[in-house]
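Have a look at the structure below before the remarks.
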Amino acid sequence: MFNLLHSAFKFLHLLNHLFSSLFYYACFIRCAHKSTNIFAVLIIGWALLNSFRSAKKGGGKLTKVGEIYLCEVCGNKVKVVEAGKGTLVCCGKLMKLVK
Numbered sequence: 001m002f003n004l005l006h007s008a009f010k011f012l013h014l015l016n017h018l019f020s021s022l023f024y025y026a027c028f029i030r031c032a033h034k035s036t037n038i039f040a041v042l043i044i045g046w047a048l049l050n051s052f053r054s055a056k057k058g059g060g061k062l063t064k065v066g067e068i069y070l071c072e073v074c075g076n077k078v079k080v081v082e083a084g085k086g087t088l089v090c091c092g093k094l095m096k097l098v099k
């Protein structure tokens, strides 16, 4: 009885490995077939990451002490008290330099 159960277990274990290998092979073939889509996603992701990095660095615009910015949507005014890189945003839009 033990030998029969042991043989059945070995057979099921072998089938498990076989189906797992076939599943991974099918996934690999599917990814290889759609490789252009994968590369497109990687390129778009790289472009978005670089745009995020440049925005985080301030996008190259320098603010100066004493400048006044105006929000054209709600009318808020902001006076710069410390110079630095960056852009001022209010109500989801860039603020306009007044002075």
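Using my numbering, the first residue of the sequence shown is number 1, and each one after it goes up by one.
The beta-carbon is built from N, C-alpha and C at its ideal position, and this holds for glycine as well.
Annotated three-state conformation of lysine 10 is helix, per DSSP. In the assembly as shown, threonine 87 is an exposed residue. Its beta-carbon has fewer than 16 other beta-carbons within 10 Å. With distances taken between CA atoms, lysine 96 lies nearest to Thr63 out of Glu82, Val81, Ala83, Thr63. In the DSSP assignment, leucine 70 falls within the beta strand (DSSP E) that extends over 68 to 70.
Ranking Val73, Ala83, Asn76, Glu72 by CA distance to the CA of glycine 66 puts Ala83 first.
In its chain, beyond the 5 residues on either side, Ile68, Leu70 have a beta carbon closer than 6 Å to the beta carbon of valine 98. Here valine 89 has Met95 as same chain residues with Cβ atoms under 7 Å from its own Cβ, once five neighbours each way along the sequence are excluded.
Taking C-beta separations shorter than 6 Å and ignoring five residues to either side along the sequence, the partners of lysine 79 in its chain run Ile68, following chain order. By the criterion of a C-beta distance shorter than 8 Å, lysine 93 is surrounded in its chain by Cys71, Glu72, Val73, once the five residues flanking it on both sides are discounted.
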